[in-house]
Amino acid sequence: MTQSYLTSNIASRFYARWLNADPARAGMAAELAELSMTPVDFARLLQKETEAGMPLQRAMRRLRNLVVCHLIDRDLRGNADLDEVLRTISEFADFAVQTHLAALNAEMIEAHGTPIGNESGEPQELIVLGMGKLGGHELNVSSDIDLIFVYPENGDTQTTSPEQRPLSNHEFFVRLGKKLIAALSEITEDGFTFRVDMALRPNGASGPLAASFGMVEEYLIVQGREWERYAWVKARAMTGRPSDIAILEQIVRPFVYRRYLDFGAIEALRNMHAQIRAEVQRQEARHPGRTNNVKLGRGGIREVEFLAQVFQLIRGGRDVSLRDRSTRKTLATLVEKNLLTADEVSQLLEAYTFLRNLEHRLQYLDDAQTHTLPANPDDRLTIAKMMGFTDVEAMLEELDAHRAVVAAQFDAMFSDKRNGQAQPAAAESPAQTALSHDDGHEAIEARLSSLGFDDVPAAAQRLLATWQSPKLASLPDASRGKLQALVNAALPQIAELTDARKATLGRLLDFFEAIARRAAYLALLTEYPHTLGRVIRTMSASDWAAKYLTRHPILLDELLEDRTLNAAPDWTAFAGEVQRQLDAANGDTEHQMNVLRDLHHAQLFRLLAQDLEGTLTVERLADHLSALADILVDATIRAVWQTIHSRHRETPKFAVVAYGKLGGKELGYASDLDVIFLYDDEDQEAPGLYAKLAQRFITWMTSHTPAGILFDIDIALRPDGASGLLVSRLAAFEKYQATSAWVWEHQALTRARFCAGDAAIGARFEAIRESVLRQTREEGTLRTEVCAMRKKMHDAHPNRSTQFDLKHDTGGMIDIEFIVQYLVLLHASRFPQLTADIGNIALLKLCGDLGLIDAPLANAVADAYRMFRKLQHQIRLQGSDRARVDMERVATQVEQVKALWTATLVEGVTG
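Written as structure tokens, this is what we have:
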């Protein structure tokens, strides 16, 4: 709160005039001085005036003057903070509009009948939209109010008496709107309630005063301009039925909030701001005394609002938490989303509070709608003292400091990055070196040669193919220009790479061609040049990463901030965010499916970035990818269950069990999920309901949506395989494992674990698993079965190349996994610790420690498995489906694996 050095009657000429006009007002002011006014107080005070015989319009104006003077007094005494001032005057505006509209609507219905919708046959009501600061509950004390009038349907009024003259709904609501404007803004002996500005309505001053939903929708789709998106962010319905308001929001939302990340909003707001600043400078040049505009000037209130709203326009389509109409609440959300730092937002909020308090004090002088420091020295000193300063210079010094903070952050976001990019070479100017789509083969080759590219002809041909592609030829000039600039910025960065220049150029051009029609992505790379560098480094490091980014360009957003990109995963927080976003999209299946995919892609890409930087081991990466999958499986099960309307309980007694790579926590980037489904529910409808749940789960996971797929699902390991039921009752699963399962199914069980769903079923499964694995087995029979299955798998994956297949060839990863599975099945009856789901490497070492196999050889094979997984991972990152290497690289490790295989599955083991 800001404590004034002056009392209200001295600081504010408006307050003094109001106080002196009626001796009773001093007592009224004193009575209300300690009260923070609410709509209940407005209603009580208005009723007091109207019951005394005063007409509504005059009573409302007198109430408005009382409310304003009350706020002046509480603010200058230090009893009200900025939040109270903004909230109170905004709530009073709502009260005034709602009260007048109710009275005027009743008069109109009495004269003309009730408006009825053509389509619904239902009575129609006028929706008054509060725009700007009113929409955000952040109105100025002496501000006008920006309104838009809309109504749901066209039609005609329905009369009930001959005296009523019917009107079309449109004419009814236009007349009602005019009456409302007059009731609020006409100047009388008591002043006005609020000045009303209708300029933001569709087609502005040339458009109709009231518009139907159909007209609003057509206007926004066909004619809506970029600056109107900014305006409609704040739109808030002050009147109307909730069901109608919900329909209107569905119409407006796609116009304001794009489904993709819309970085084109930066340039649009930059241009709008430039026009506003130019107008302010013209006004200041004409009137030199009107300087220091705290709203529209450099570092002013509007720049803070733009900073908040640019993030809303960019990201609000994908994150509902960024759709709040309040500037202050939005800034706070930006910290939670790691879009601005806590210090940055703290400084912005401090500046915003200072600027808004100063703006109010400028208006307190005469209840004038002004944002400029007065030219009169005495008035300036009065303003300074109202702000708690003893002189004007001290106030201006602090004002300048706050504006400098705002301006610096505004420039960091909105400065034109295209004018500040580093030049490709110090000795060359852009005009001499930049390529364009009109350049021929020779010019491109010359440029690439000067940058030091290898295989220049092939690289030039690849770039020329992009320049001449029909897709680029049909682009708007602005997009083609941005793409051309991005290519020129990228070429010297690619040239600095030590190798893979041609491959990186090809991957980048593939990416550019994929995003060429998405102006928002071109805008992102233009506005954030450092992101282009990260894209290039990513594409140089991994062909798989390049293709992944090309398929999911929305992930460009993940490359913007080191803080987000390099942060260790917080899986608890991630699970909460998944659930929050699913809850926000409740009832919209397609949206929920896209939410899951988008969150998965973003988190996977962060892990990929850390992987390419070398900060994650293969084992740690697999742990993270498995944890990510667990969370998404669990969230999907819960979301899908809510879509089954015939469900008999709120929480399903159903569990997902993971096998294979997910079960062993060895998941890779593109791994599918091997799962089975269990339930334990005696309800007679349970089998059908849980089968439906499993089917929908698979559909949610595997369906192609605009965001791609989530995971491929493999359910072949369920009891009885392809001929078995999709879901298994827990008791039936237990019986099957004990009496009917093949040895290979018990092998698979060594890598199985509870993944998601009902924890009690999960615990029962783990007990069943341990019991099965600890069965006593005849060594010879077990060895025969395991070897037969290994031969079957080997025959199914013949390797006709001269290279070694890390996974399938003899001495490779599957041999190691079979050795471990064999040892677990053979010895778990005596050593229960072998049933722990601790991974192949740890199990090998445990078997060595227990003396079941030669300990040094066990450690060597464990190291070999780690090496094979790392090599496989590196090869997959380069986009190869088959993980094969020259035998020379792994000959020692292969012989060690073969030796352990011979010792265990040929010669046999003793224990």
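Quick note, the sequence shown lines up with residues -11 to 899 if you use our numbering. Note that CB positions come from ideal geometry on N, CA and C, so glycine has one too.
- Task: Along the alpha helix (DSSP H) that carries PHE201, what are the first and last residues, could you check?
- Result: Within the sequence shown, numbered from 1, the residue matching residue 201 stands at position 213. Counting along the chain, the alpha helix (DSSP H) containing PHE201 begins and ends at 201 to 210.
- Neighbour-count burial assignment, GLY212, 16 or more Cβ in a 10 Å radius: Position 224 of the sequence shown, counted from the start, is the residue given in the question as residue 212. It counts as buried.
- Message: Just to confirm, is the Cβ distance from VAL282 to LEU343 under 7 Å?
- Response: The residue you call residue 282 lines up with position 294 of the sequence shown. The residue you call residue 343 lines up with position 355 of the sequence shown. Against a cut-off of 7 Å, the Cβ pair of LEU343 and VAL282 comes out as a contact.
- Going by CA-CA distance only, name the one from LYS833, ASP63 and HIS815 that's closest to MET375. One-based indexing of the sequence shown puts residue 375 at position 387. Among LYS833, ASP63 and HIS815, the Cα nearest to that of MET375 belongs to ASP63.
- Task: Would you decide whether VAL28 is buried or exposed? Buried here means 16 or more other CB atoms lie within 10 Å of its CB.
- Result: As a first step, residue 28 is located in the sequence shown; it is residue number 40 there, counting from the start. Label assigned to VAL28: exposed.
- Which residue comes first and which comes last in the beta strand (DSSP E) that contains GLN146? On the sequence shown, position 158 is the one that residue 146 refers to. Run containing GLN146: 143 to 146, per the beta strand (DSSP E) assignment.
- Query: In the DSSP assignment, what residue or residues form a beta bridge with ARG224?
  - Reply: Residue 224 sits at position 236 when you count from the first residue of the sequence shown. In the DSSP output, where bridge partners are listed per residue, ARG224 has GLY118.
- Would THR526 be called buried (16 or more neighbouring beta carbons within 10 Å of its own) or exposed? Here residue 526 corresponds to residue number 538 of the sequence shown, with the count starting at 1. The residue is buried, with at least 16 neighbouring Cβ atoms inside 10 Å.
- Message: Just to check my reading of the structure: THR823 and ALA830 have Cβ atoms closer than 8 Å, yes? What is that Cβ distance to the nearest angstrom?
- Response: Along the sequence shown, read from residue 1 onward, the residue named residue 823 stands at position 835. Along the sequence shown, read from residue 1 onward, the residue named residue 830 stands at position 842. Actually they do not touch by this definition, with Cβ atoms about 13 Å apart.
- Task: Figure out for me which residue from LEU452, PHE441, ASP611 and TYR657 has the closest Cα to the Cα of HIS429.
- Result: In the sequence shown, counting from the first residue as 1, residue 429 sits at position 441. HIS429 has its Cα closest to that of LEU452, out of LEU452, PHE441, ASP611 and TYR657.
- Item | Local conformation of SER530 per DSSP, three classes | Taking the sequence shown and counting its residues from 1, one reaches residue 530 at position 542. Of the three classes helix, strand and coil, the one that applies to SER530 here is coil, per DSSP.
- Inter-residue Cα distance where the pair is HIS782 and HIS796: Sequence index remark: in the sequence shown, residue 782 carries index 794 (1-based). Sequence index remark: in the sequence shown, residue 796 carries index 808 (1-based). HIS782 and HIS796 have their alpha carbons spaced roughly 6 Å apart.
- Task: Within its chain, find whatever has a CB closer than 8 Å to the CB of VAL900; leave out the 5 residues flanking it on each side and keep chain order.
- Result: No answer is possible for residue 900: the residues shown for the chain start at -11 and end at 899.
- Taking the alpha-carbon positions, what's the GLY305 to VAL240 distance? Here residue 305 refers to the residue found at position 317 of the sequence shown. Here residue 240 refers to the residue found at position 252 of the sequence shown. One C-alpha to the other measures close to 12 Å.
- How is the alpha helix (DSSP H) around THR370 delimited, first residue to last? For this step, residue 370 is matched to residue 382 along the sequence shown. Run containing THR370: 365 to 374, per the alpha helix (DSSP H) assignment.
- Item | Buried versus exposed call for ILE209 [16 or more other C-beta atoms within 10 Å across all chains shown] | As a working note, residue 209 is residue 221 in the sequence shown. Exposed, by the Cβ-count rule.
- Secondary structure of VAL282, DSSP reduced to three states: Within the sequence shown, residue 282 is the residue found at index 294, counting from 1. Correct three-state label for VAL282: coil.
- Which whole-angstrom value is the C-beta distance of ALA646 and LEU661, which I expect to be below 8 Å? To locate residue 646, count along the sequence shown from 1; it is residue 658. To locate residue 661, count along the sequence shown from 1; it is residue 673. So it is a contact: roughly 7 Å between Cβ atoms.
- Item | Residues of its chain near SER(-8), where Cβ-Cβ distance is below 7 Å and the 5 sequence neighbours each way are ignored | Position 4 of the sequence shown, counting from 1, holds the residue named residue -8. Taken in chain order, the residues that qualify are ALA(-1), LEU64, LYS373, MET374 and GLY376.
- Give me the Cα-Cα distance between THR880 and GLY800, rounded to the nearest whole angstrom. Counted from its first residue, the sequence shown places residue 880 at position 892. Counted from its first residue, the sequence shown places residue 800 at position 812. Straight-line Cα distance between these residues: approximately 12 Å.
- Starting from the C-beta of ALA392, find all residues in its chain whose C-beta is less than 8 Å away, skip the five residues before and the five after it, and write them out in chain order. Working through the sequence shown from its first residue, we reach residue 392 at position 404. If we look at ALA392 and ignore the five residues flanking it on each side, its Cβ neighbours are GLY287.
- What are the residues that DSSP puts in a beta bridge with TYR139? For the purposes of this step, residue 139 is identified with residue 151 of the sequence shown, where counting begins at 1. Bridge partners of TYR139: SER200.
- Query: Is it buried or exposed for ASP232, if we count other Cβ within 10 angstroms and need 16 for buried?
  - Reply: Here residue 232 is taken as the residue at index 244 of the sequence shown, counted from 1. Residue environment for ASP232: buried (at least 16 other C-beta atoms within 10 angstroms of its C-beta).
- For GLY179, does the three-state DSSP call read helix, strand or coil? To locate residue 179, count along the sequence shown from 1; it is residue 191. Strand at GLY179.
- Does the stretch 614 to 630 touch the stretch 736 to 755, meaning 3 or more C-beta pairs lie closer than 8 Å? yes
- Task: Would you kindly work out how many angstroms separate the C-alpha atoms of LEU592 and ARG788, rounded to a whole number?
- Result: Within the sequence shown, the letter at position 604 stands for residue 592. Within the sequence shown, the letter at position 800 stands for residue 788. C-alpha separation (whole angstroms): 34 Å.
- With burial defined as no fewer than 16 other Cβ atoms inside 10 Å of the residue's Cβ, what is the status of LEU23: buried or exposed? Mapped onto the sequence shown, residue 23 falls at position 35. Counting Cβ neighbours within 10 Å, LEU23 comes out exposed, since fewer than 16 surround it.
- Specify the secondary structure class of PHE699 as computed by DSSP and reduced to three states. Residue 699 sits at position 711 when you count from the first residue of the sequence shown. In the structure shown, PHE699 sits in coil (DSSP, three-state: anything other than H, G, I, E or B).
- Message: Using only CA atoms, which one of ALA94, HIS861, ARG522 and LEU436 lies nearest to PRO480?
- Response: For the purposes of this step, residue 480 is taken as residue 492 along the sequence shown, with counting starting at 1. The shortest C-alpha separation from PRO480 is found at LEU436.
- Item | Cα-Cα separation, TYR667 to VAL715 | Counting from 1 along the sequence shown, the entry for residue 667 is found at position 679. Counting from 1 along the sequence shown, the entry for residue 715 is found at position 727. Their backbone Cα atoms lie some 7 Å apart in a straight line.
- Note down, in chain order, each residue of its chain lying with its Cβ closer than 7 Å to the Cβ of ILE115, except the 5 sequence neighbours on either side. On the sequence shown, residue 115 is found 127 positions in, with the first residue counted as 1. Answer for ILE115: VAL138, TYR139, ALA225, THR227, GLY228, ASP232, ILE233 and LEU236, listed in chain order.
- Message: Can you find the residues in the same chain that come closer than 7 Å, C-beta to C-beta, to ASP132, ignoring five residues on each side of it along the sequence?
- Response: Here the question's residue 132 lines up with position 144 in the sequence shown. Excluding residues within five positions, the ones whose Cβ falls inside 7 Å are PHE182, ARG183, VAL184, ASP185 and GLN357.
- Item | As assigned by DSSP and simplified to three states, the class of PRO640 | Locating residue 640 in the sequence shown gives position 652, counting from the first residue. It is coil, neither helix nor strand.
- Message: Under 8 Å: do the stretch 607 to 615 and the stretch 692 to 707 share three or more Cβ pairs, one atom per stretch?
- Response: no
- State the start and end residues of the unbroken beta strand (DSSP E) segment that holds ARG741. Working through the sequence shown from its first residue, we reach residue 741 at position 753. Start and end: 741 to 745.
- Could you give the DSSP three-state label for PHE948: helix, strand or coil? There is simply no residue 948 to check, as the chain begins at -11 and stops at 899 in what is shown.
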